[in-house]
Amino acid sequence: FRIRGYDSDHFTAMMNGVTLNDPETGRAIWAYWGGLNDITRYQEMKNGVASSQLGFNAIGGFSNISARASSQRKGNRVSYALANQSYDHRLMYTTSTGLMANNLAVTVSGSLRYADEGYTEGTFYRSGSYFISVEKKFNEKHSLGLVAYGAPTVSGGQSISIQEAYDLTGNYRYNSYWGYQAGEKRNSRVRNTHIPMMMLNHYFKLNDKTQINSSVFYTFGRSGQTRLNWYGAADPRPDYYKKFPSYYSNPGDEALFELYTDLWKNDVNTQQLDFDQMYFANSKNLHSVTDANGIKGNTVTGNRAKYIIEDYRADIQRYGFNSTFSHQYTENVIFSGGINGSFYKSMNFKVLDDLLGADYWVDVDQFAERDFADESAAQADLETSNRIVKVGDKFGYN
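Numbering (this note's numbering), first residue to last: 4 to 401.
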């Protein structure tokens with residue numbers, strides 16, 4: 004939803020005054036704290052160009068989630084939801100002590116979300132979330148709070164497609180990312196994300212008119228999504244354009260047009276990925292790689308993978324500090340200012356997730372082999388030519 008046409012990178016999301024927007028995309032990724040509805044539903048929010056005592060805000064507006072334990076309503080809350088979208092079941096529990104006699108407040112929240120198959124065929128959903136906030140009020144001027152949260156999530160992806168696919172299958176929920184493996188549905192696009200965050204907040208009320216709030220924070224974790232790759236083999240995707248009947252709609256191709264129309268309507272291995280065939284192809288591809296791993300005379304023999312599943316990762320690390328000052332000068336005038344700084348590192352690489360029954364993968368680019376006479380152009384790692392890759396190895400780019 005775009006307020007006044009502004010994209011989400013023009014909207015600042017904060018928690019206890021700490022900006023949560025991703026430094027690379029500029030967007031706040033709400034999935035990083037998904038499932039913590041009992042905590043995140045209470046927030047200060049303004050749309051458009053609006054002033055804030057928490058920082059300089061974007062032109063689309065801002066929201067600030069108050070995660071202070073002392074600001075949470077005292078009590079216990081249990082809720083269960085039954086849905087038919089990304090997940091089928093959701094269970095949430097939250098408990099908060101309020102500010103106790105020892106001037107300590109504690110809030111704990113968690114949830115589980117699950118679907119064996121979501122609304123879209125071939126998808127699944129597994130997610131947990133956790134939140135803890137502890138605050139100690141030392142006196143009328145000083146309070147110190149610690150907040151930690153995260154939402155580890157694993158989910159199967161859903162594709163977009165063309166109208167021809169929906170018409171041929173008669174299924175408006177058609178998803179090309181899954182196929183059968185030994186009779187079980189398997190999704191090739193699995194997103195696995197867990198980006199926990201911790202922050203330490205100091206609240207200093209100098210007097211009734213002046214406040215200074217300071218924070219240090221640290222966030223880290225992994226974000227990845229798998230997908231298929233192949234070498235020396237046909238494109239395995241069912242919605243590859245050459246596999247549609249429309250590709251054979253020219254005069255003279257009537258037989259192929261009829262064949263692919265029949266296959267799309269009646270053969271599940273045409274409509275979806277054929278994992279069994281990929282495993283079979285990998286098991287019958289005995290191959291020897293000479294000068295493997297850049298070592299002259301080193302030969303590696305085994306079933307070279309024609310098809311693999313690789314994981315595209317973007318693992319991050321970020322830490323920093325934030326301090327804001329506000330003073331009620333008159334009834335209608337507030338002075339505010341602050342300082343913040345952060346360090347951000349994003350590590351981008353591929354990991355071999357599944358060899359699909361093969362023994363190894365060779366770290367070369369088949370399209371570069373096709374397009375360039377220079378053999379070194381196909382080597383992903385120029386320091387280690389013909390590099391042998393096994394499950395868990397980084398390859399391709401790093």
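Don't be surprised by glycine CBs; every beta carbon is placed ideally from N, CA and C. Only a predicted model underlies this, so the values are computations on that prediction, with no experimental measurement involved.
Closest residue to residue i among the options (Cα-Cα distance)
i	options	result
M103	E124, R76, V81	R76
S130	K140, L115, T123	L115
R240	G148, N190, D366	N190
E120	D170, S291, T110, Q88	Q88
V111	G101, N269, A118, N105	G101
W33	M17, A317, F283	M17
F207	S329, Y9, S99	S329
N142	I165, G173, H205, L262	H205
G113	L39, F247, Y128	L39
A108	E372, S146, A84	S146
T333	Q275, G125, D211	D211
N106	Y35, E138, N19	E138
Y263	T273, G255, P254	T273
T213	T126, D238, D256, I337	I337
G148	Q382, T28, N19, S99	N19
L276	M350, F260, D238	D238
Q331	D41, L209, G51	L209
W233	G160, L85, W364	W364
G51	Y9, G360, A258, L85	Y9
Cutoff 6 Å; reference residue i; Cβ partners in own chain excluding five residues on either side
i	result
V150	A70, S136, M202
F247	E167
E47	N67
N288	N306, R307, K309
F223	Q320
D91	A118
Y83	L94
D318	R225, M350
E257	none
G255	none
Proximity below 8 Å, CB of residue i to CB of residue j
i	j	result
P199	G227	no
Y400	F352	yes
K140	S73	yes
R192	Y180	yes
S11	A31	yes
K348	Q369	no
V271	Y133	no
T156	T196	yes
K245	L171	no
Y310	M281	yes
D279	A185	yes
G305	S388	no
D366	V392	yes
S286	T302	no
G58	I6	no
T43	I68	yes
Y128	S158	yes
K188	G125	yes
Q56	S379	no
R225	R316	yes
Supposed close pair residue i, residue j - CB separation, criterion 8 Å
i	j	result
D384	V354	Actually they are not in contact, since the Cβ atoms of D384 and V354 sit about 14 Å apart, beyond 8 Å.
L437	A308	With the chain running from 4 to 401 in the structure shown, residue 437 is simply not present.
T123	N178	5 Å
D356	I312	5 Å
V21	F346	Actually they do not touch by this definition, with Cβ atoms about 14 Å apart.
Cutoff 8 Å: residue i Cβ touching any chain C Cβ
i	result
V109	The structure shown contains no chain C, having only a single protein chain.
Contacts around residue i, its chain only, beta-carbon distance under 8 Å, and the 5 residues preceding and following it disregarded
i	result
S326	I215, N216, S217, S218, G341, I342, N343
A236	A284, K309, Y310
R80	D41, M95, Y96, T97, T98
Y35	L23, G153, A154, T196, I198, M200
A371	A380, A381
Residues of its chain near residue i, where Cβ-Cβ distance is below 7 Å and the 5 sequence neighbours each way are ignored
i	result
N24	T15, A16, R30, A31
S164	Y177, S179, D242
H13	A61, I62, G63
E27	S349
Q382	V367, S388
T293	T302
S252	F260
Task: Unbroken stretches of the alpha helix (DSSP H), 4 residues or longer, contained in the region 337–385 - done: DSSP runs (the alpha helix (DSSP H)) wholly in the region 337–385: 369–374.
Open item on the list: Please give the ranges of any alpha helix (DSSP H) in the region 124–181, keeping only runs that are unbroken, at least 4 residues long and fully inside the region.
Closed with: For the region 124–181, whole alpha helix (DSSP H) runs of length 4 or above, ordered along the chain, are 166–172.
Task: Runs of alpha helix (DSSP H) wholly within the region 37–112 (minimum 4 residues, chain order) - done: Within the region 37–112, the complete alpha helix (DSSP H) segments of 4 residues or longer fall at 40–43, listed in chain order.
Open item on the list: Extract the residue ranges of the beta strand (DSSP E) inside the region 274–312, only unbroken runs of 3 or more that lie entirely within it.
Closed with: Taking only runs of at least 3 residues, the beta strand (DSSP E) segments lying wholly in the region 274–312 are 289–292, 303–306.
TODO: Taking only runs that begin and end inside the region 181–229, name each unbroken alpha helix (DSSP H) of 4 or more residues, in chain order.
DONE: Counting only runs of 4 or more, we get nothing.
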